[in-house]
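Visitor:
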Ligand code: NI
């Protein structure tokens, strides 16, 4: 396994629509292991491949509580098959938008189709944090960020803040 670096806004690659994985082979399993190690190190509870600059439809998550044993989950080509009309609010954050948290409203329950680590087709019905997390990560592989669900004012404010910080870093390196 290898630790990879996480890209942050305003990196334009976060807006790419990731490509479908055709075959779940060892290279994909290695990618998932790298993603998991990177996510645990951050630390975070979910990571999409594009966040380590790999535009593939691959997601890893682990929602285990702090003192519980690790419970890694792997999703290849995940897609939302059904979403409930009822909504739920969760405070979300994102490893690609460090130290920024906001309440996001999303469908409370979803059914997701995906392929597992061995390439087998699976379906999962989720509510609570798992439903929110799946939707957040599936957004990533479609180039969507959680701030896109906020008001324009809030989104522009956070994007500007990160753009400014990026410009400052560039001018320091120049
Ligand atoms: Ni995220």
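Residue numbers (my numbering): 476 to 649. Just so you know, even glycine gets a beta-carbon here, dropped at the ideal spot from N, CA and C. It should be emphasised that the depicted structure is a prediction, and the values quoted were computed from it without experimental measurement.
Spatial neighbours of residue 492 within its chain, please: CB distance less than 7 Å, with the 5 preceding and 5 following residues excluded, ordered by chain position.
Guide: Result list for residue 492: 617, 618, in chain order.
Visitor: Does the ligand NI have a heavy atom nearer than 6 Å to the CB of residue 569?
Guide: Indeed, a heavy atom of the ligand NI lies less than 6 Å from the Cβ.
Visitor: Looking at residue 484 and residue 626, is the spacing between their C-beta atoms short of 7 Å?
Guide: No.
Visitor: At 3 residues or longer, and completely inside the segment 534-563: list those beta strand (DSSP E) runs for me, N to C.
Guide: Here the runs fully enclosed are 547-558.
Visitor: Buried or exposed for residue 476, going by 16 or more other Cβ atoms inside 10 Å?
Guide: When all chains shown are included, residue 476 counts as exposed.
Visitor: What beta strand (DSSP E) runs, 3 residues minimum, are completely inside the segment 484-528?
Guide: Complete beta strand (DSSP E) runs here, min 3: 521-523.
Visitor: Locate the beta strand (DSSP E) running through residue 581, then write down its first and last residues.
Guide: First-last of the beta strand (DSSP E) with residue 581: 572-582.
Visitor: Would you mind reading off the limits of the beta strand (DSSP E) that contains residue 654?
Guide: In the structure as shown, the chain begins at 476 and stops at 649. Residue 654 is therefore absent and cannot be evaluated.
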